[in-house]
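Chains as they are written, first to last, in my numbering: chain A, 1 to 419; chain B, 420 to 838.
Built from N, CA and C at the ideal position, the CB exists for glycine as well.
Note that the coordinates shown come from a computational prediction; the quantities given were computed from them, not determined experimentally.
Reading through the structure tokens given below for one structure.
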């Protein structure tokens with residue numbers, strides 16, 4: 001009845017969870033949602049009002065070029081250039097969120113049966129997207145410093161992927177960052193082999209400690225960089241972009257035309273008006289101050305909440321910490337118990353393209369306040385101590401064949417400010 | 420370098436033309452654009468202001484359900500039910516314009532190599548979409564009353580298509596409407612064969628004479644109906660919808676998640692606010708009054724402009740008339756001459772999935788005013804009389820194998836109010 005490739009693609013458990021979370025008493029660490037109270041509502045309201053009152057107001061309601069609003073492209077290009085990635089407005093294609101940029105890249109680059117290399121675990125809606133395109137997915141090992149360039153080289157030699165997808169900065173779901181020292185090596189090994197890199201960077205500006213690292217795209221020509229307003233502005237506008245390269249630009253524009261003609265004219269015009277009128281760096285600074293506190297609250301509370309033997313990441317930025325419970329736990333089996341305690345998270349298994357580690361889970365710290373984080377983690381602790389929590393407790397010691405990352409923060413050892 | 424299927428898909432000549440048309444002195448009959456001076460700018464401005472000032476303002480900037488804004492879905496369902504197509508809010512999936520609905524349907528239903536049946540000529544961005552999905556396209560003959568149900572039955576028996584795509588009411592590009600008497604037959608022949616019908620209906624409410632016809636979807640369960648705000652509201656908001664059926668609903672929602680997670684939250688909320696506050700029927704009535712005048716101006720002027728032997732359609736609604744110049748003309752070859760005379764149109768060839776009739780072209784009458792239509796057609800007449808216009812004039816009588824439709828309005832015979 002439906003296309004064969006659809007039968008293999010599961011609905012996103014994150015988005016399905018969002019539907020369940022309408023019960024207001026649930027404290028959620030599930031969605032990767034920005035904190036709504038930090039939205040610059042006044043600035044956004046003013047931007048729409050000015051766009052719809054100005055001399056070009058009617059143009060904001062009309063069809064528009066597939067590539068995007070010229071003013072918005074120029075403003076984004078200027079901002080990216082300022083962050084160390086020289087970009088022309090003509091390089092940019094505005095997309096309906098960076099999720100769409102992923103779809104367009106898959107449409108433009110992947111024939112059915114093409115191979116895509118990914119980190120594991122990785123952003124699950126990217127996995128969906130590549131599966132829908134009929135791609136075969138292979139995984140590249142990594143550690144706390146991100147993907148291992150030598151292992152990537154080996155995967156490339158063995159599987160000849162068309163592209164390598166990565167979230168190199170404050171990754172979803174792990175919060176990890178590809179070390180600066182590895183970026184040149186990743187660029188080199190892919191460029192040498194003629195493999196495209198898709199650098200998905202929605203979180204890069206949300207840094208809470210340490211020095212910024214340059215995007216991968218600054219190191220090589222074979223990188224398609226995806227950016228987004230969803231985390232630094234507001235996700236409801238669904239605005240993202242891809243920094244195209246000349247070899248794939250026409251194909252991406254055709255894919256964009258066929259997909260939705262163009263992204264909302266009025267949202268693009270409002271974003272351009274907002275960027276022109278606002279000091280976005282200052283707004284991002286406010287976000288970082290608030291999210292830093294929330295990360296610290298979460299990382300500080302985890303030792304007293306998680307069972308002995310648990311490990312978690314302590315991210316320098318972004319929205320997530322990644323937890324690995326002791327052997328025998330199954331995070332998916334834990335979820336109903338957690339929901340019964342009015343707390344939610346995302347089980348880790350769907351973020352794996354191959355063999356999932358079922359003892360993992362993702363916690364987002366950006367939406368709840370510090371007090372809500374403490375209360376939510378207290379509830380999670382209760383759920384973990386509930387008799388139902390350890391569904392597989394009869395088989396301790398099994399690791400689903402996965403090696404724990406030794407450098408993860410361990411229970412009982414309070415996370416320090418450094419990595 | 421790019422996916423093989425992309426190499427076969429041309430960029431849309433309509434959208435490429437839009438890029439050329441920024442010269443303000445060009446009068447354009449090319450794009451299927453609504454008239455910007457008829458946008459309800461005040462109503463739209465008020466809708467955004469109220470959404471961004473109300474108690475739920477911050478929710479309008481947040482991530483949202485993939486299926487769409489519940490209020491908007493309820494309002495659209497009510498409106499469709501009122502037009503004779505009983506619809507529940509839960510049937511609807513809100514899309515980023517109805518173009519995206521097409522993409523989602525293609526993703527959900529078509530495996531590579533699947534067969535899609537279409538009218539010929541048909542909406543060219545639908546052709547792009549099906550080509551990108553790797554489908555093989557077959558065409559169904561028709562006449563002034565739309566597709567021929569018996570011929571459709573024959574195509575189904577011969578080619579076993581997965582779906583039949585049609586714009587049954589005021590079609591793009593021809594302006595034709597599938598006769599009420601044929602709708603039940605089309606529904607029956609497809610339902611019996613288990614073929615999905617994709618009914619694309621962006622123009623149905625723009626009727627300038629005659630009685631409304633029920634959507635095809637009202638006659639059978641195997642019809643996916645696509646609607647849009649682009650022609651009755653404003654295209655810049657990129658809001659459309661698909662009336663799903665239970666068998667394909669989950670697949671369409673997964674495809675939507677993977678494509679862009681969801682459509683702009685703020686645009687959906689503003690549209691819901693607008694529909695709640697506005698008498699949309701009255702607004703559509705104003706649009707119809709203005710467009711009727713423009714259609715009449717165009718159809719009235721064509722006899723004095725087009726060369727003897729030309730034919731054209733006289734649509735009951737929508738945005739287009741479809742012109743067939745006499746044998747020997749090539750509309751694509753005429754276009755540079757027309758642009759040199761500061762008038763634009765779309766050559767007909769790209770609307771054909773198989774053998775194009777190069778003597779055809781599409782004229783849109785909704786964007787220019789009545790005076791601009793008269794002046795633009797005067798310029799088109801000059802271009803047609805220019806020595807360069809008849810590139811193939813040495814081969815009169817060739818028809819590219821196409822049979823003219825005898826009932827088309829002919830030169831010298833003023834279009835009557837009836838079909």
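Alpha carbon to alpha carbon, how far is residue i from residue j?
| i | j | result |
| --- | --- | --- |
| residue 839(B) | residue 609(B) | This structure leaves residue 839(B) out entirely; chain B is present only between 420 and 838. |
| residue 511(B) | residue 490(B) | 11 Å |
| residue 533(B) | residue 132(A) | 15 Å |
| residue 150(A) | residue 182(A) | 10 Å |
| residue 634(B) | residue 381(A) | 56 Å |
| residue 331(A) | residue 355(A) | 15 Å |
| residue 74(A) | residue 88(A) | 7 Å |
| residue 755(B) | residue 804(B) | 14 Å |
| residue 2(A) | residue 643(B) | 13 Å |
| residue 798(B) | residue 539(B) | 29 Å |
| residue 622(B) | residue 32(A) | 39 Å |
| residue 294(A) | residue 654(B) | 41 Å |
| residue 144(A) | residue 178(A) | 8 Å |
| residue 62(A) | residue 453(B) | 8 Å |
List the residues of chain B that residue i touches, going by C-beta distances under 8 Å, in chain order.
| i | result |
| --- | --- |
| residue 41(A) | 471, 476, 477, 480 |
Just to make sure I have the definition right: I need the residues of chain A whose C-beta is within less than 9 Å of the C-beta of residue i. Which are they?
| i | result |
| --- | --- |
| residue 544(B) | 257, 258, 261 |
| residue 690(B) | Simply none; closest approach about 11 Å. |
Quick check on the burial criterion: 16 or more other C-beta atoms within 10 angstroms. Buried or exposed for residue i?
| i | result |
| --- | --- |
| residue 640(B) | exposed |
| residue 200(A) | buried |
| residue 279(A) | exposed |
| residue 158(A) | exposed |
| residue 388(A) | exposed |
| residue 304(A) | exposed |
| residue 473(B) | exposed |
| residue 66(A) | buried |
| residue 397(A) | Note that residue 397(A) scores a pLDDT of 35, beneath 50, so its modelled location is shaky and nothing firm can be said. |
| residue 205(A) | buried |
| residue 780(B) | buried |
| residue 393(A) | Only weak support is given to the placement of residue 393(A): the predicted model assigns it a pLDDT of 45, under 50, and the question is left unresolved by the model. |
| residue 516(B) | buried |
| residue 101(A) | buried |
| residue 212(A) | exposed |
| residue 40(A) | buried |
| residue 701(B) | exposed |
| residue 420(A) | In the structure displayed, chain A extends from 1 to 419; residue 420(A) sits before or after that span and is not available. |
| residue 276(A) | exposed |
| residue 81(A) | exposed |
What residues of chain A sit near residue i, judged by a beta carbon separation below 7 Å?
| i | result |
| --- | --- |
| residue 684(B) | 236 |
| residue 467(B) | 48, 52 |
| residue 645(B) | The premise fails here: residue 645(B) is roughly 13 Å from chain A at the closest Cβ pair, so nothing lies under 7 Å. |
| residue 483(B) | 236 |
List, in chain order, every chain B residue whose beta-carbon is nearer than 7 Å to that of residue i.
| i | result |
| --- | --- |
| residue 44(A) | 471, 480 |
| residue 2(A) | 527, 528, 667, 670 |
Where DSSP assigns a beta bridge to residue i, which residues make up the other side?
| i | result |
| --- | --- |
| residue 619(B) | 645(B) |
| residue 584(B) | 537(B), 617(B) |
| residue 697(B) | Per DSSP, none; premise fails for residue 697(B). |
| residue 562(B) | 565(B) |
| residue 317(A) | 207(A) |
| residue 515(B) | 658(B) |
| residue 672(B) | Paired residues: none, contrary to the question. |
What in chain A is Cβ-close to residue i, meaning under 8 Å?
| i | result |
| --- | --- |
| residue 425(B) | 107, 108, 251, 254, 255 |
Using the beta-carbon of each residue, which ones in chain B are nearer than 9 Å to residue i?
| i | result |
| --- | --- |
| residue 132(A) | 526, 673, 674, 677, 678 |
Where the stretch 647 to 668 of chain B meets chain A: residues whose CB sits under 7 Å from a CB there: 653, 654, 655, 656, 657, 666, 667
Against chain A, which members of the stretch 574 to 602 of chain B pass a CB distance test of less than 9 Å? 581
Against chain A: residues of the stretch 523 to 548 of chain B by CB proximity under 7 Å: 526, 527, 528, 529, 530, 531, 544, 547, 548
Interface residues of the stretch 502 to 518 of chain B facing chain A [CB-CB below 7 Å]: 515, 516, 518
Contact list for the stretch 27 to 39 of chain A against chain B, Cβ threshold 8 Å: 31, 33, 34, 36, 37, 39
Could you please tell me which residues of the stretch 758 to 770 of chain B, in chain order, have their CB closer than 7 Å to any CB of chain A? none
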